[in-house]
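Add 4 to a position in the sequence shown, counting from 1, and you land on the number used in the numbering used here. Backbone N, C-alpha and C fix where the C-beta goes; we use that ideal spot for every residue, glycine too.
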Amino acid sequence: MSARDLANRARGLAPGVLTAVTIALAASFLAQRYDGPQLLFALLFGMAFNFAAEGPRVKAGIDFASKKILRFGVALLGARIGLEQIAALGAAPAAIVVLAVAGTILFGWLLARLLGRKAADGLLTGGAVAICGASAALAISAVLPQGKDHQRFTLLTVVGVTTLSTVAMVLYPLLAESLALDARGAAVFLGGSIHDVAQVVGAGFMISPEVGDGATLVKLMRVALLVPVVVIFAQVYRNAHDAHADAGAPAAARPPLLPGFLVAFIALVALNSIGVVPRPAAAFMGDLSRWCLVVAIAALGVKTSFRQLAELGWQPVVMIVGETLFIAAVVLGGVALLR
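Here it is as C-alpha cells:
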C-alpha cells in the first residue's frame, strides 16, 4: 500500500476513531471523578450515540475501533501477566483458582445449553466471570464465531460482569467477615471470585492491606489463565470451522492457526515472564491496553442500542448471575478445605 493510499485510509477512518476516542475520554473523566467503572461508562456513553452508527463519515472508523483497536488492546494485555505470579501463589490456592476457573467455564457452557443458547455464549459469559470480567469478555469474544448477535451479546456480558463485580466489591468483604475468614482465606475468596481487578483491589483493602495484597495476587493468577483459555477456544472453533467446511473450500477461508493478536499476546507474556520487558515498558503497555479497550468498548457501544440488547432476552442475565454464584461457591468451598 502506497503512502497516498495510507493517507486516504487514515482520513476515512479518522472521524469514526475520533468519535470513539472522544466518548472514551468523557467516560474516563467521569470514572475518575466519581470513582466508577470506566468500561461501563464508555459502553453506556457509546450507546447514547447509536443514532450515528450508520453515518457514512463515522461508520468505517467505528468499525475499525471496535475490531482492530480491540485486538491491539487485547494483545497488549500480555504485558500485565507473568508466570512468576502463579509460582508466588502456592499450590493450594493455585489449585482452587484453576478448579474454579475451569468449573465456571464448563458451568457456563452447560447453562447455555440448558437455556437454549449457543455454546459460544456460555463460553463467553463463563470465561468473563471466571477470569477477569470485561477484559476477558473482549479477549474471548475476539476468537469466537462472529455471528449476527455476537457483538450485542458481548456488550451485554460486559454490562453484566461489571455490574455484578461492583456489587461483589461491596458485599463480599462483609460475607468474608461474617464467615470469620482469616487473612489468607479472605484473600483467596475475594481474589478468586470477584470479576474485575479493580474491584478485587477495592474489596481486599476494605478489610486490610494484607488481604488486599493477597487478593490481588490471587486475581492475577486468574488473569494469567486467560492465555490458555483463549488459545483453547481459538483452536476449538478453528477445528469446528474445518469440520463443517465443504471439501472444496479454499484454505484461505479458514481461520488462522492462531490469530495475530493472540500470537502477540502470548509473546508478551513469555517476554514479561523472563524479565525481558522493563517494568516501565510493561506498565506503559498495560495502561495503553486498558485505554485501547475503553476506546473499543465506546465504539461497540455506538454500534448497539438498548433495544438490541433487550432483544437478547432474559437468558444471558440468568447465565451471568448463575456463573457468579457458582464461582463464589466453589472458591468458598476450597477456602473451607484450607482451614
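Buried or exposed (CB count within 10 angstroms, at least 16 for buried), residue i
{"i": "Y176", "result": "buried"}
{"i": "N276", "result": "buried"}
{"i": "I278", "result": "exposed"}
{"i": "I236", "result": "exposed"}
{"i": "A257", "result": "Residue placement at A257 cannot be trusted, given a pLDDT of 47 that sits under 50; the coordinates are not used to answer."}
{"i": "L118", "result": "exposed"}
{"i": "L229", "result": "buried"}
{"i": "A251", "result": "With a pLDDT of 44 at A251, under the threshold of 50, the modelled position of this residue cannot be trusted, and the question is left open."}
{"i": "Q150", "result": "exposed"}
{"i": "D291", "result": "exposed"}
{"i": "S6", "result": "exposed"}
{"i": "L178", "result": "exposed"}
{"i": "V299", "result": "buried"}
{"i": "R343", "result": "exposed"}
{"i": "R283", "result": "exposed"}
{"i": "P254", "result": "With a pLDDT of only 45 at P254, under the threshold of 50, the placement of this residue in the model should not be trusted; the figure read from the coordinates follows. The residue in question, P254, is exposed, as its Cβ has fewer than 16 Cβ neighbours within 10 Å."}
{"i": "F49", "result": "buried"}
{"i": "R156", "result": "buried"}
{"i": "V280", "result": "exposed"}
{"i": "G338", "result": "buried"}
{"i": "F33", "result": "exposed"}
{"i": "G130", "result": "buried"}
{"i": "A83", "result": "buried"}
{"i": "R226", "result": "buried"}
{"i": "A95", "result": "exposed"}
{"i": "F55", "result": "exposed"}
{"i": "G264", "result": "exposed"}
{"i": "L221", "result": "buried"}
{"i": "L47", "result": "buried"}
{"i": "A11", "result": "exposed"}
{"i": "A287", "result": "exposed"}
Option nearest residue i by Cα separation, candidates the options
{"i": "V170", "options": "S182, G206, F157", "result": "A small correction: the amino acid at residue 170 is Thr; Val does not occupy that position in the sequence shown. For T170, the nearest C-alpha among the options comes from G206."}
{"i": "L81", "options": "R343, G305, P282, V273", "result": "V273"}
{"i": "F45", "options": "A56, A30, G59, E58", "result": "A30"}
{"i": "S182", "options": "K72, F157, I211", "result": "I211"}
{"i": "I331", "options": "G151, I109, Q36", "result": "I109"}
{"i": "G317", "options": "R84, R75, D125, G16", "result": "D125"}
{"i": "R242", "options": "P41, L148, F265", "result": "L148"}
{"i": "I270", "options": "L47, A187, V78", "result": "V78"}
{"i": "M173", "options": "V201, L48, K71", "result": "V201"}
{"i": "L17", "options": "F53, K63, G107", "result": "K63"}
{"i": "G240", "options": "R13, L10, I144, L74", "result": "Correcting the residue type first, residue 240 is Val in the shown sequence and not Gly. Taking only the C-alpha atoms, the option nearest V240 is I144."}
{"i": "V335", "options": "S139, A180, F209, G264", "result": "A180"}
{"i": "Q42", "options": "L342, T166, F157, A219", "result": "T166"}
{"i": "E58", "options": "Q319, K307, V280", "result": "K307"}
{"i": "F111", "options": "L329, G338, L341", "result": "L329"}
{"i": "L142", "options": "P60, R294, A340", "result": "R294"}
{"i": "G40", "options": "Q203, G338, A268, K71", "result": "Q203"}
{"i": "F76", "options": "M289, E327, L47, R226", "result": "M289"}
{"i": "C296", "options": "A28, A123, V222", "result": "A28"}
{"i": "A98", "options": "H199, A285, G264, R188", "result": "R188"}
{"i": "A2", "options": "A35, A14, G107, A95", "result": "Because the chain here runs from 5 to 343, residue 2 falls outside it and cannot be looked at."}
{"i": "F127", "options": "G120, S139, L114", "result": "Sequence inspection shows Leu at residue 127; the Phe mentioned does not correspond to that position. It is L114."}
{"i": "L368", "options": "E327, A340, R8", "result": "Residue 368 lies beyond the range of the chain shown here (5 to 343); nothing can be said about it."}
{"i": "L74", "options": "A140, N54, R37", "result": "A140"}
{"i": "R121", "options": "H199, A96, H154", "result": "H154"}
{"i": "K223", "options": "A286, H199, A238", "result": "H199"}
{"i": "L341", "options": "Q319, L185, A123", "result": "L185"}
{"i": "F53", "options": "A191, A286, G20", "result": "G20"}
Give the list of continuous alpha helix (DSSP H) stretches no shorter than 4 residues that lie fully inside the region 120-177. 123-134, 138-145
On the three-pair Cβ rule with 8 Å, is the region 209-217 touching the region 93-104? no
Using 8 Å as the Cβ pair cut-off and three pairs as the minimum, do the region 58-70 and the region 320-333 touch? no
Can you find at least 3 beta carbon pairs, one from the region 295-305 and one from the region 15-35, that sit closer than 8 Å? yes
Every unbroken alpha helix (DSSP H) within the region 201-226, with a cutoff of 4 residues, ordered by chain: 201-211
Contact between the region 225-240 and the region 135-146 (3+ Cβ pairs under 8 Å): yes
Contact between the region 156-164 and the region 182-197 is defined here as three or more beta-carbon pairs at a separation below 8 Å; is this criterion met? no
Can you list, in chain order, the stretches of the beta strand (DSSP E) that have 3 or more residues and sit fully within the region 46-111? none
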